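A short worksheet on the structure shown next.
There are 2 protein chains.
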Amino acid sequence: MSTPVIQLCCPPVLTGPLSQDDAEQLAAALRVIADPARLRLLGLIKNQPDAEACTCDLVEPLGLSQPTVSHHLKVLYEAGFLEREKRGRQTWYRLAPDSLGILRDALDPNVHQRA
Amino acid sequence: MSTPVIQLCCPPVLTGPLSQDDAEQLAAALRVIADPARLRLLGLIKNQPDAEACTCDLVEPLGLSQPTVSHHLKVLYEAGFLEREKRGRQTWYRLAPDSLGILRDALDPNVHQRA
Numbered sequence: 001m002s003t004p005v006i007q008l009c010c011p012p013v014l015t016g017p018l019s020q021d022d023a024e025q026l027a028a029a030l031r032v033i034a035d036p037a038r039l040r041l042l043g044l045i046k047n048q049p050d051a052e053a054c055t056c057d058l059v060e061p062l063g064l065s066q067p068t069v070s071h072h073l074k075v076l077y078e079a080g081f082l083e084r085e086k087r088g089r090q091t092w093y094r095l096a097p098d099s100l101g102i103l104r105d106a107l108d109p110n111v112h113q114r115a
Numbered sequence: 001m002s003t004p005v006i007q008l009c010c011p012p013v014l015t016g017p018l019s020q021d022d023a024e025q026l027a028a029a030l031r032v033i034a035d036p037a038r039l040r041l042l043g044l045i046k047n048q049p050d051a052e053a054c055t056c057d058l059v060e061p062l063g064l065s066q067p068t069v070s071h072h073l074k075v076l077y078e079a080g081f082l083e084r085e086k087r088g089r090q091t092w093y094r095l096a097p098d099s100l101g102i103l104r105d106a107l108d109p110n111v112h113q114r115a
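Below is the structure:
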């Protein structure tokens, strides 16, 4: 079981010098979403009815193959950006609450380290 | 002269489906800072006296060679995250106003496209 990178992270970048460990955790979280297909997946899922989507809803709007979409969803899930639930033969995805908010706080010059 | 990627970007991720072009611009901006050394440079510069630093101030705290630090500073400058000014033989860097704020807005579910 991998530990979600956004659970490990994210210290604020600007409120003091970052340690190497903190910088590596935040960089790892940013790398996960620094990908056009993954950014589009987050937007597509958030804007579906009930803000959830199965892989089948995402293949056509993204214009990528089903295995490629499934891979991106797996990476986003393992990093902690998505939650998922199996219903019958389909897996449904929704945004993990406030996962992008953790990154926003890390980039905010006025936010200090979370407890 | 390269065009700063954060001038091109950043459409909000969550307020509607992202186009492929918008997603590529935002991903490019995120890739620039998805690097531990560059994140540490932003924090080090922001926390120097007067919030500015020359390369010579940054080599020792970062623990990297001067050419490596200069390369990271150049990438951050060309992407639009840093401003720079030549004074004598030294180049001084400071954070470009609100450059990280543009990325924060892009990750905010309540922010709509800037005019």
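Protein chains in written order, with the UniProt record's numbering: chain A, 1 to 115; chain B, 1 to 115.
Ideal Cβ positions, reconstructed from N, Cα and C, are used throughout, including at glycine.
Bear in mind the structure is a predicted one, so any value in this text is a computation, not a measurement.
Which residues bound the alpha helix (DSSP H) around residue i?
| i | result |
| --- | --- |
| glutamate 85(A) | Not the alpha helix (DSSP H): glutamate 85(A) falls in the beta strand (DSSP E), residues 82-87. |
| leucine 30(B) | 20-33 |
| leucine 41(A) | 36-46 |
| leucine 100(A) | 99-106 |
For residue i, collect the residues of the same chain with a Cβ closer than 6 Å to its Cβ; drop the 5 residues on either side in sequence, then sort them by chain order.
| i | result |
| --- | --- |
| cysteine 9(B) | Gln25, Leu26 and Ala29 |
| isoleucine 102(B) | Ile6 and Cys10 |
| lysine 46(A) | Leu95 |
| arginine 89(B) | none |
Among residues of its own chain, excluding the 5 on either side of residue i, which ones have a beta-carbon nearer than 7 Å to its beta-carbon?
| i | result |
| --- | --- |
| residue 120(B) | Past the edges of chain B, shown from 1 to 115, lies residue 120(B), and the structure says nothing about it. |
| residue 122(B) | With chain B covering only 1 through 115, there is no way to say anything about residue 122(B). |
| alanine 79(A) | Pro4, Val5, Ile6, Ala29 and Val32 |
| serine 99(A) | Ile6, Gly80 and Phe81 |
| aspartate 22(A) | Pro11 |
| arginine 84(B) | Tyr77, Thr91, Trp92 and Tyr93 |
| leucine 39(A) | Ile33 |
| glutamine 48(A) | Asp57 |
| leucine 64(B) | Ala37 |
Leaving out five residues on either side along the sequence, give the residues of the same chain with a beta carbon under 8 Å from the beta carbon of residue i.
| i | result |
| --- | --- |
| serine 70(A) | Thr55 |
Would residue i pass as a contact of residue j if the rule is Cβ separation under 8 Å?
| i | j | result |
| --- | --- | --- |
| proline 61(A) | leucine 44(A) | yes |
| valine 75(B) | glutamine 66(B) | no |
| alanine 37(B) | alanine 34(A) | no |
| proline 87(A) | arginine 104(B) | The sequence as given places arginine at residue 87(A); proline does not occur at that position. Not a contact, by the Cβ cut-off of 8 Å. |
| threonine 15(A) | proline 97(A) | no |
For the beta strand (DSSP E) containing residue i, name the first residue and the last one.
| i | result |
| --- | --- |
| threonine 91(B) | 90-95 |
Within the chosen definition, does the region 92-101 of chain A reach the region 43-58 of chain A through at least 3 CB pairs nearer than 8 Å?
Touching, yes.
Segments of 3+ residues assigned as beta strand (DSSP E) that fall wholly inside the region 52-81 of chain A:
For secondary structure counted as the beta strand (DSSP E) over 3 or more consecutive residues, the region 52-81 of chain A holds these complete runs in sequence order: 52-54.
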